[in-house]
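Counting from 1 along the sequence shown, just add 167 to a position and that's the residue number in the working numbering. Don't be surprised by glycine CBs; every beta carbon is placed ideally from N, CA and C. Please read all numbers here as calculations on a predicted model, not as lab measurements. Single-structure report; data block below.
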Amino acid sequence: MTGWRPLIAASILTADFGHLDRVVRKLERAGVDRLHLDVMDGHFVPNITFGPDLVAAFRRLTTLPLDVHLMIAHPRRYIARFLEAEPDTISFHVEVEGSDELTAETLRSIRMGGRGAGLAVSPQTPIERVRPFLTLLDLIMVMTVEPGFGGQRFIAEAAPKMTVASSWLGEAGGQGQVHVDGGVNRDTAAVAGHWGADVCVVGSALFQRGQDAADEVRLVRELAWRARQEGMPAANGSLQDLHPAGPMSSRTG
Ligand code: DX5
Ligand code: ZN
């Protein structure tokens, strides 16, 4: 696993929506691998963000892969509109109401549209809920915050689900990726890497005042990778060389 590194997907949820072109250029310069677009409908989660038209705007702004994360109550109704925006993947929540057959049908419609299909799993949801759909999945998104807002604390108890998701995706053909989403930054990257994240979604940590986003991207990638290779770092911060400015929490007040 020499060249392997976890990918960094930047969530733009806490970015300045008034200057999206500036945000995208900043993230490209910071070296992120993907953009993570959080769509919320005010029903599935108590927040509202944006729809397919903004995804299409991001498509016009960048060639970075786009991962759409649907936190909406009725994803099936909107898949065609989101497919038109040409993201690279579309994920929705396994918790949405409806039958397993409807969930499978929605996943199939994403794949029929030529996009990667994913299921997101909230922290309280057992990972077993995605088991019936493994052959239809290109990614499993393990949430380490309650969906709905950026800037929340990482829920470490949800992290072990990634190892299960990773082994199941391996059994089902081995191409699928595990995304970890919520509260990932330099202080939690080692936990994310240790439990097997292939893609780390990083949001608010990239938009801290006075904080260099490229630094955060580099730190999260390296800390996650090392923890994956060598196990969790010692409590004494033996990765000090990667942590020049000290833990995140001590600097953001
Ligand atoms: C939360 C979203 C996450 C969030 C990540 O509902 O799905 O993608 O924006 O942002 P941070 O890294 O700030 O938790
Ligand atoms: Zn998300």
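Whose beta carbon lies closer than 6 angstroms to any heavy atom of the ligand ZN, going through the chain in order? SER178, HIS203, ASP205, HIS236, ASP348 and VAL368
Heavy atom of the ligand DX5 less than 7 angstroms from the Cβ of GLN375, yes or no?
Indexing the sequence shown from 1 puts residue 375 at position 208. GLN375 Cβ: outside cutoff for every heavy atom of the ligand DX5.
Any heavy atom of the ligand DX5 inside 7 angstroms of the beta-carbon of SER371?
Mapped onto the sequence shown, residue 371 falls at position 204. Flag set: Cβ of SER371 near the ligand DX5.
In the DSSP assignment, what residue or residues form a beta bridge with SER178?
Here residue 178 corresponds to residue number 11 of the sequence shown, with the count starting at 1. Note: SER178 sits in a beta bridge opposite HIS203.
Quick one: what's ASP379 bridged to in DSSP? In the sequence shown, the residue the question calls residue 379 occupies position 212. The partner list for ASP379 (beta bridge, DSSP) is empty, contrary to what the question assumes.
Check: What do you reckon, is the C-beta of MET238 under 7 angstroms from a heavy atom of the ligand DX5?
Finding: The residue you call residue 238 lines up with position 71 of the sequence shown. Indeed, a heavy atom of the ligand DX5 lies less than 7 angstroms from the Cβ.
### Query
Taking all protein chains shown into account, do 16 or more other C-beta atoms lie within 10 angstroms of the C-beta of SER334, making it buried, or fewer, making it exposed?
Taking the first residue of the sequence shown as position 1, residue 334 is located at position 167. So SER334 ends up on the exposed side.
Beta-ladder partner(s) of GLY283, from DSSP = Mapped onto the sequence shown, residue 283 falls at position 116. According to DSSP, which records beta bridges pairwise, GLY283 is partnered with THR256.
- Would you check if there are 3 or more beta carbon pairs closer than 8 angstroms linking the region 376-388 to the region 225-240? no
Review point. Taking 7 angstroms as the cut-off, does the CB of THR181 come closer than this to any heavy atom belonging to the ligand DX5?
Key: To locate residue 181, count along the sequence shown from 1; it is residue 14. Answer for THR181: yes, Cβ within range of the ligand DX5.
Integer-rounded CB distance, given that ALA176 should sit under 8 angstroms from HIS346: Taking the first residue of the sequence shown as 1, we reach residue 346 at position 179. Taking the first residue of the sequence shown as 1, we reach residue 176 at position 9. That belief holds up - the Cβ atoms of HIS346 and ALA176 are roughly 7 angstroms apart, short of 8 angstroms.
If we count the other Cβ atoms within 10 Å of its Cβ and call it buried at 16 or more, is HIS441 buried or exposed? This structure does not reach residue 441, given that the chain is present from 168 up to 420, and the question cannot be answered.
Review point. Is GLY360 near the ligand DX5, in the sense that its beta carbon is under 7 angstroms from a heavy atom of that ligand?
Key: Translated into the one-based positions of the sequence shown, residue 360 becomes position 193. Outside the cutoff, so no.
What does the alpha-carbon distance come out to for the pair SER266 and ALA240? Taking the sequence shown and counting its residues from 1, the one referred to as residue 266 is at position 99. Taking the sequence shown and counting its residues from 1, the one referred to as residue 240 is at position 73. One C-alpha to the other measures close to 13 angstroms.
* Hey, could you find the ends of the beta strand (DSSP E) ASP348 is sitting in? => Locating residue 348 in the sequence shown gives position 181, where the first residue counts as 1. ASP348 -> beta strand (DSSP E) spans 344-348.
### Message
Tell me the DSSP secondary structure of ASP354 in three-state form.
### Response
The residue labelled residue 354 in the question sits at position 187 within the sequence shown. Three-state result, ASP354: coil.
- [ ] For THR419, collect the residues of the same chain with a Cβ closer than 7 angstroms to its Cβ; drop the 5 residues on either side in sequence, then sort them by chain order.
- [x] Taking the first residue of the sequence shown as position 1, residue 419 is located at position 252. Because the pLDDT of THR419 is 38, which lies under 50, any placement of that residue in the model is unreliable, and the number read from its coordinates should be weighed accordingly. Within the same chain, THR419 has close Cβ partners GLN375.
- Proximity below 8 angstroms, CB of LEU303 to CB of ALA284: Here residue 303 refers to the residue found at position 136 of the sequence shown. Here residue 284 refers to the residue found at position 117 of the sequence shown. The answer is yes: Cβ separation under 8 angstroms.
Can the beta-carbon of ALA356 be found closer than 8 angstroms to that of LEU386?
-> Working through the sequence shown from its first residue, we reach residue 356 at position 189. Working through the sequence shown from its first residue, we reach residue 386 at position 219. Closer than 8 angstroms, so yes.
### Closest by C-alpha distance to ARG172, when choosing among VAL369, ALA364 and SER371
By 1-based counting over the sequence shown, the position of residue 172 is 5. Per the Cα distances, ALA364.
Check: Can you give the Cα-Cα distance for PHE321 and MET308, rounded to whole angstroms?
Finding: What you label residue 321 is simply residue 154 of the sequence shown in a count that begins at 1. What you label residue 308 is simply residue 141 of the sequence shown in a count that begins at 1. About 14 angstroms.
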